[in-house]
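Chains as they are written, first to last, in the numbering used here: chain L, 785 to 1017; chain P, 24 to 420. Heads up, the beta-carbon is just placed ideally off N, CA and C, and yes, glycines get one too. Values in this document were obtained by computation on a predicted structure and should not be read as measured data.
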Amino acid sequence: MAAVDVQNVRKIYKRDAEDLVVLDGISLQVPDGEFVALMGPSGSGKTTLLNLIAGIDRPTSGTVVVGGTDVTKLSEGQLAKWRSRSIGFIFQFYNLIPVLTALENVELPLLLTKLSKKARRERALTALKIVGLADRAKHYPRQLSGGQEQRVAIARAIVGDPAVLVADEPTGDLDAKSAEDILTLLDTLNREFKKTIVMVTHDPRAASRAHVERHLDKGVLATSLNGREVAVG
Amino acid sequence: MKYLPYVLKHLRRNWIRTASTVAGMAVCIFLICTLQTVLAAINAGMEAADPARLVTRHGVSMIFNMPIAYKARIQGMPGVERVAVANWFGGIYRDMKDFFPNMAVESEDYFTIFPEYRIPPDQFQAYLHDMRGAVIGRELATKYGFKIGDTFQMESMIPPYRVKGPLQFVVRAIYDADTAQHPNANLGIMFFHFKYLYETIHGDPRVGTYAGAGTFNIRVSNPNQATNVARAIDANFENSDVQTKTETESAFIAGFMALIGNLAALLNGIGLAVAFTILLVTANTMSMAVRERRTEIAVLKTLGFSSALVMSLVLAEALALGILGGGFGVLLAEALVSNLANLPFMGLVLGNFPGLSVSPTVAALTFTIAVALGIGAGLVPAAGAYRSRITDMLRQA
C-alpha cells in the first residue's frame, strides 16, 4: 500500500466570477518510506497539493488516501484528529509559538494525547535529542537561530511519530549551511526512522536529496525533466 | 488544566496590553462593587425598619419642621403608644470627612421606641441628667476613640441650627445593639437631647420654624393597624396650618433616599455603562490578540487542534482577563470601600453607613459580572478563530 495515494484530484478556487483551476486531475503515489520532492514554478499548485496530502485543505474532486485513510471522507473534527496522529507538518517559516520554550513547542501536539505531563516532557525531549537540540530545551524561539528554529519545528513534527512528514519549503528561509543541516536531518528521518517525506521546494540542491522529483506546472504533473526520475500525473 | 500554562503564557505575551485591560476591568468591577455595596447598605437600612414604627414629617417636605404641639395630639390618638421628636442636626465633627449621622431626640421616649439601641442603665441615667450629654454608637466610639466623659463640639450644616455657634457635648453613654436580632442596626449614630437644641436656638428670629419638630417617631400598639393609624394622624392635621405625612419607617427611609432621585436606577445605570465600556475594551484587546496570532491559530489547527479547542483557548484567555480583573476589582473594593467615607463630601452620604463593607453576596455578584464580561469579550474573536480556514490564515501570514 502506498503511503500517499492521490487520485484524479482537482482543486478549483472561485475568484469573483471566475474559476481558478489550481490542480487539474493530479494523480500521485508515494510509496512507504519514499522521500519525494515536489517542484515547480510559483503558482504551479505544489503547495496546494501538499496541503491536500496534509489534510489542511480539501480537493474539489478526487480522492486523497494517506496511510490507508481517505481524508476526503473525514469530517473537520475527524480530520483534525487524523492530522494529530498521522501527519507531521514542517513550515517554511518554522511557525513556532513565541511565548513557548523549545520544549513546550515540541510538546504542543502531545497535549492532544492522553499522555501524562511527565511522559509528554520525556517524548518532547527525545524529539529534541533527535534533532540535536536537547540543550536548547528551555530557550525561546527568539533565542534560537533560524536553523535551530527549523530543527525545533521538525522535532515538533515528529514528536507524535507520524508516518508521513510534509515539508513546505523547509530550507526556504535559511542560509546554505543551515539548509544543509536541515536536509541532512530530513535524510536521517527518512533513512533511519523510515518516515515518508513529501517536500515542496524551489531549491534544486534540496530536491537532489530526495529519492524522486515530481514537477508540477499549471496544475498538472510534468512527464519528464532533465534526466531525473519523474512521475507522470 | 493542561492548557492553562499555554493560556497564561499568552497573557504575558504583551503584558502591557494585558495589564491595562486587567486594570480597566478591575476599576470597572471596583466601581460596580462599591455601588452595589452602597445600594445593599441602603436596602439593609430599609429592612431594619420596624413595622410597629411610623414616622410623621411635614406634608410638603421633610426639610420643613412641624409645631412641637403636634406631639400631644398624636400621642392622644387611638393606636399610638409612644411619640418622640427627632431632628436631624447635621453636625460636622472636626471635618466633613469625619461626618457621621447625629440627631437631637426626646431621649426617654425615643430610646423606648427604639429598644434595639442597648444603653447600659447607669450610662443612660447619666446622659438623662446632663443636658449636654451625648449617646454615641459603639462603631463611632471605636473609630474616633470616644470614651465616657470625653468632650467635643459640633456645628450644624443647617443655618438655623448654627445661629449660636457650635454645640458642646459630653459623651455620657455608648450604645450597642443585639446583632443577632437586629443585624442591620446602625451603631454609627450620635444622639443628644432635643431640649438642648431647642433651648439654644429658640427665640432667635433667624431660626423660624426650625425650633419645631423635624419628625415624630411613633410606636403603634398593633403593627397590623399601622397604616390605619398613619392615615388617621394625617387626617387629624389636614385642616391645620401644617399638614403632615405619616408613613411606615421603611417607607420613610425609602422616601428619604428618593430625595436624591431613583438611586438604584442611577447607580445601576452607571454600573451598566461602565460594564459595557469595559466589555468593548476587553473585546478589542482579544480581537487584537487573535488577529496577531492568525498564523499561530493556523499552526494549532494544522497540528490537530480542533476548531472547538482553538475557540476554547481563545475564550479561556478572555475568561482569564475577566477573572484577574474581577479578582483585583473585588479586592480593591474590599480594601477601599470602608474608607470611602473619608473622601471629601463622601462622608456626607456614606457616613450614614459607618460599617460599610463588601458583603460576600456583592463580591460574588460582581466577580460573576467580571467573568461574564470576560467571556462576552472573547466570543467574537473566538468565533472568528473557530471559523478560520488554515490555508487562508497561512496565506495571510
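Quiz item: Applying a beta-carbon distance threshold of less than 7 Å, which residues of chain L neighbour TYR26(P)?
Solution: LEU895
Quiz item: Where PRO882(L) and ALA908(L) are concerned, what is the direct C-alpha to C-alpha distance, given to the nearest angstrom?
Solution: Looking at the two C-alpha atoms, the distance is approximately 17 Å.
Practice problem: Scan the segment 309–323 of chain P for residues whose Cβ lies nearer than 7 Å to a Cβ of chain L and list them as they occur along the chain. | Solution: THR318, GLU319 and VAL322
Quiz item: Looking at ILE241(P) and ILE97(P), is the spacing between their C-beta atoms short of 8 Å?
Solution: yes
Quiz item: Taking Cβ-Cβ distances shorter than 7 Å, what residues in chain L pair up with THR414(P)?
Solution: ASN835, ILE840 and ASP841
Quiz item: Hey, does THR44(P) have any beta-carbon neighbour from chain L nearer than 8 Å?
Solution: no
Quiz item: Can LEU190(P) and THR238(P) be called in contact, C-beta distance under 8 Å?
Solution: no
Exercise. Compare the Cα-Cα distances from LEU62(P) to each of ALA288(P), GLU104(P) and VAL265(P) and report the closest residue.
Key: ALA288(P)
Practice problem: Kindly list, in the order they appear in chain L, the residues whose Cβ is closer than 7 Å to that of LYS32(P). | Solution: For LYS32(P), the residues of chain L that pass the 7 Å Cβ criterion are VAL883 and LEU884, in the order they occur in the chain.
Self-check item: For ARG76(P) and ALA107(P), the rounded distance between their alpha carbons
Solution: 11 Å
Self-check item: Burial state of GLY99(P) (16 or more Cβ within 10 Å)
Solution: exposed
Quiz item: To which residues of the same chain is ALA963(L) closer than 6 Å at the C-beta, ignoring the five residues directly before and after it?
Solution: Excluding positions up to five away in sequence, the list reads THR955.
Quiz prompt | 7 Å Cβ shell around PHE217(P) - same chain, five flanking residues per side excluded | solution = Same-chain partners within the cutoff: VAL108, ASN110, ALA127, VAL128 and GLU129.
Quiz item: Taking Cβ positions, are LEU896(L) and SER870(L) nearer each other than 8 Å?
Solution: In this structure, LEU896(L) sits away from SER870(L), with a CB-CB distance that is not shorter than 8 Å.
Quiz prompt | Alpha carbon of GLY1017(L) to alpha carbon of VAL820(L), nearest angstrom | solution = Only weak support is given to the placement of GLY1017(L): the predicted model assigns it a pLDDT of 41, under 50, and the question is left unresolved by the model.
Quiz item: DSSP three-state call for GLN1028(L): helix, strand or coil?
Solution: This structure does not reach residue 1028(L), given that chain L is present from 785 up to 1017, and the question cannot be answered.
Practice problem: Kindly indicate which three-state DSSP category ARG876(L) falls into: helix, strand or coil? | Solution: One detail in the question is off: residue 876(L) reads as Gln in this sequence, not Arg. Note: GLN876(L) maps to coil in three-state DSSP.
Quiz prompt | Distance CB(ASP971(L))-CB(GLN876(L)) smaller than 8 Å | solution = Annotated as distal: ASP971(L) and GLN876(L), with beta-carbon spacing of 8 Å or more.
Quiz prompt | HIS18(P), enclosing alpha helix (DSSP H) - first and last residue | solution = The structure shown does not extend to residue 18(P), since chain P is modelled only from 24 through 420, so no value can be given for it.
Practice problem: Please work out which residues of its chain come closer than 7 Å, Cβ to Cβ, to LEU858(L), disregarding the five sequence neighbours upstream and downstream, and give them in chain order. | Solution: So the qualifying residues of the chain are TRP866.
Quiz prompt | Residues that DSSP places opposite THR238(P) in a beta bridge | solution = ALA109(P)
Practice problem: Alpha carbon to alpha carbon, how far is LYS268(P) from ASN251(P)? Give it in angstroms, no decimals. | Solution: 13 Å
Quiz item: Mind checking if ALA864(L) is an interface residue toward chain P, Cβ cutoff 8 Å exclusive?
Solution: Taking Cβ atoms only, chain P reaches closer than 8 Å to ALA864(L), which makes this a yes.
Self-check item: Helix, strand or coil at THR202(P) according to DSSP, with G and I counted as helix
Solution: Three-state result, THR202(P): coil.
Practice problem: Could you spell out where the alpha helix (DSSP H) holding ASN362(P) opens and where it closes? | Solution: Note, ASN362(P): premise wrong, no alpha helix (DSSP H); not H, not E.
Exercise. Check the C-beta distance from ALA64(P) over to SER273(P) and give it rounded, since I have them as a contact under 8 Å.
Key: Not confirmed; about 15 Å, so no contact.
Practice problem: List the residues that DSSP assigns as beta-bridge partners of ASP145(P). | Solution: Beta-bridge pairing links ASP145(P) to no other residue.
Quiz item: What residue range is occupied by the uninterrupted beta strand (DSSP E) comprising SER845(L)?
Solution: Note, SER845(L): beta strand (DSSP E), 845–850.
Practice problem: Would you kindly report the start and end of the unbroken alpha helix (DSSP H) that includes ASP132(P)? | Solution: 130–136
Exercise. Could you tell me the distance, in whole angstroms, from the CA atom of ALA1015(L) to the CA atom of ARG998(L)?
Key: Because ALA1015(L) carries a pLDDT of 49, less than 50, the predicted location of this residue cannot be relied on, and the following value inherits that uncertainty. Approximately 6 Å, taken between the alpha carbons.
Practice problem: Go through its chain and collect everything with a Cβ distance to VAL788(L)'s Cβ below 6 Å, but skip five positions before and after it. | Solution: For VAL788(L), where only same-chain residues beyond five positions count, the Cβ hits under 6 Å are VAL814, ILE837 and VAL850.
Exercise. For ASN879(L), return the contacting residues in chain P, with the cut-off set at a CB-CB distance below 9 Å.
Key: THR318, GLU319, ALA321, VAL322, THR325, LEU417 and ALA420
Quiz prompt | Beta-bridge pairing of LYS798(L) - partner residues as DSSP gives them | solution = Assignment of beta-bridge partners to LYS798(L) by DSSP yields ASP803(L).
Quiz item: chain P partners of GLU860(L), CB-CB under 9 Å?
Solution: SER329 and SER330
Quiz prompt | chain L residues whose Cβ lies nearer than 8 Å to that of ARG35(P) | solution = VAL883
Quiz prompt | Close beta carbons around PRO925(L), own chain, < 6 Å, minus the five adjacent residues each side | solution = LEU880, PRO882 and GLU933
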